[in-house]
Amino acid sequence: MTPLLIGCNGRGAQASSPERPVTFSEPPLSEQFAMVASAGVFDFFDRLPMVGEVETFLELSAANTLPVTTASGVYALGEGYLSALRRNMERAVKVGAKFHNMMVYNWHDEKRWVTDEEVIRAWADAWELGQEIGIEPCFELHVNMWSEDPRRVAIVAEAADKLGIPFNLTLDYSHMLFKMGDDAELDVSGIREDVAAGRVVLDPYEAGNLVDQWLDAGLVRWFQLRSVTPSGPRNLWSKHDSSNGAAGVPDDPHQRAREGQFGRAILYPFTRPDPDEWHSPWEAWRLEPCKHVARKVLKHHAETPESRLAVITTEMINLTDYGDGAKFSLIGQNAAIAQFLRDEMAALGLPQGGAND
Numbered sequence: 022m023t024p025l026l027i028g029c030n031g032r033g034a035q036a037s038s039p040e041r042p043v044t045f046s047e048p049p050l051s052e053q054f055a056m057v058a059s060a061g062v063f064d065f066f067d068r069l070p071m072v073g074e075v076e077t078f079l080e081l082s083a084a085n086t087l088p089v090t091t092a093s094g095v096y097a098l099g100e101g102y103l104s105a106l107r108r109n110m111e112r113a114v115k116v117g118a119k120f121h122n123m124m125v126y127n128w129h130d131e132k133r134w135v136t137d138e139e140v141i142r143a144w145a146d147a148w149e150l151g152q153e154i155g156i157e158p159c160f161e162l163h164v165n166m167w168s169e170d171p172r173r174v175a176i177v178a179e180a181a182d183k184l185g186i187p188f189n190l191t192l193d194y195s196h197m198l199f200k201m202g203d204d205a206e207l208d209v210s211g212i213r214e215d216v217a218a219g220r221v222v223l224d225p226y227e228a229g230n231l232v233d234q235w236l237d238a239g240l241v242r243w244f245q246l247r248s249v250t251p252s253g254p255r256n257l258w259s260k261h262d263s264s265n266g267a268a269g270v271p272d273d274p275h276q277r278a279r280e281g282q283f284g285r286a287i288l289y290p291f292t293r294p295d296p297d298e299w300h301s302p303w304e305a306w307r308l309e310p311c312k313h314v315a316r317k318v319l320k321h322h323a324e325t326p327e328s329r330l331a332v333i334t335t336e337m338i339n340l341t342d343y344g345d346g347a348k349f350s351l352i353g354q355n356a357a358i359a360q361f362l363r364d365e366m367a368a369l370g371l372p373q374g375g376a377n378d
């Protein structure tokens, strides 16, 4: 079995502390690469080089013996979608990336909601372009994106199958776990009635849950792990502010409604923070659902010869809905998650990377 590699999202490479809280202003790339490499638990760096950064990425990757195996980007559907995707894919390939994670907004650049047919066409175009350029696209399960209503995942995957192409899902189940027990968040996804009726099962402990469905269907190509808790505390140290980019797409009605509000509850520290490092009480048992999802994904991979899982990234990042303003070490939290994953993989006998040895 091919070793399962673990990477760190570049937005999580901050050596934050009470004196230097997490901010949108990130450290230089040289420090990001060095932090991820020196953690000793990551096999690669996950980040898309921006225009003019390819040579810097190549130099830092070589200097830190840290490949750039994956690259993530955000896209709005519309006239500029394919040209933006081509440019990003080409830069990703130049720095050695094999997979490109795509967060595709639910809000079209024509200021309307995207349709299922448009998402299906966007996936088909991304797959074709990836085949041409030499990189695999993956569509992410993510808030503010087409998949915030998780029922759409099966619709797009089934359409891809009919087109004769695979569908690659980046599974970040934190975007579903945090909604459990939160009626307002379930309403954003449009699934409150289906969840109440048992037609959509978010709880990973219950039969028929979405994680099992997607694993059994062979959709999961990339697994992202961010620790959250169902119905957790909002980020009381950061508010949505479109002027600094915190609110994402300002024309999205859901995002406009969040302007000036505290961040959504899509991060819960993986290890106990000191009393002055976080805004809310911390209880270890609240982490069990996200750990259960991780164990479920790894066990499925270990027991399924045809498993399509290829890479894992840790996702404790710096944005408003996540860790902005936190005073614990962001890179430390990511490293703790990576070590947890390595321990679970070792217990299952799964081959893993050598952590940039």
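Taking my numbering, the leading residue of the sequence shown gets 22, the next gets one more, and so forth. Built from N, CA and C at the ideal position, the CB exists for glycine as well.
- The way I'd put it, the region 291 to 311 doesn't touch the region 321 to 330; fewer than three beta-carbon pairs between them come closer than 8 Å.
- The region 225 to 237 and the region 79 to 90 do not touch, with fewer than 3 CB-CB distances between them shorter than 8 Å.
- A Cβ-Cβ distance of about 5 Å is found for the pair Val62 and Gln360, placing them in contact under the 8 Å criterion.
- As far as DSSP is concerned, Thr90 takes part in no beta bridge.
- Shortest Cα-Cα distance from Ala60 to any of Gly374, Met366, Ile352 and Gly370 involves Ile352.
- Contact between the region 148 to 167 and the region 368 to 375 is not established, with fewer than three Cβ pairs separated by less than 8 Å.
- Residue pairing by DSSP leaves Asn127 without any beta bridge partner.
- Annotation: Arg329 is outside any alpha helix (DSSP H) and is labelled neither H nor E by DSSP.
- In this structure, the beta-carbon distance from Asp342 to Arg307 does not fall below 9 Å.
- The beta carbon of Val43 is closer than 7 Å to those of Gln35, Ser37, Asn339, Gly344, Asp345, Gly346, Ala347 and Leu351 in its chain, skipping five residues each way along the sequence.
- For secondary structure counted as the alpha helix (DSSP H) over 4 or more consecutive residues, the region 71 to 117 holds these complete runs in sequence order: 75 to 84 and 102 to 115.
- Excluding the 5 residues flanking it on each side, Ala376 has same chain C-beta neighbours closer than 7 Å at Gly61, Val62, Phe63 and Asp64, in chain order.
- Note that the C-beta distance between Trp148 and Ile176 is not below 9 Å.
- Contact between the region 315 to 326 and the region 210 to 222 is not established, with fewer than three Cβ pairs separated by less than 8 Å.
- In this structure, Gly99 sits away from Asp137, with a CB-CB distance that is not shorter than 9 Å.
- Non-local C-beta neighbours of Leu207 in its own chain, meaning closer than 7 Å and more than five positions away in sequence, comprise Lys200, Arg213 and Val216, ordered along the chain.
- For Leu288, the number of other beta carbons within 10 angstroms of its own is at least 16, and it is reported as buried.
- The straight-line gap separating the alpha-carbon atoms of Glu153 and Thr292 is approximately 42 Å.
- Restricted to the region 253 to 314, the alpha helix (DSSP H) segments that are unbroken, complete and at least 4 residues in length are 274 to 279, listed in chain order.
- In chain order, Gly284, Thr341, Asp345 and Gly346 place their CB closer than 6 Å to the CB of Ser259, counting only its own chain and leaving out the 5 sequence neighbours on each side.
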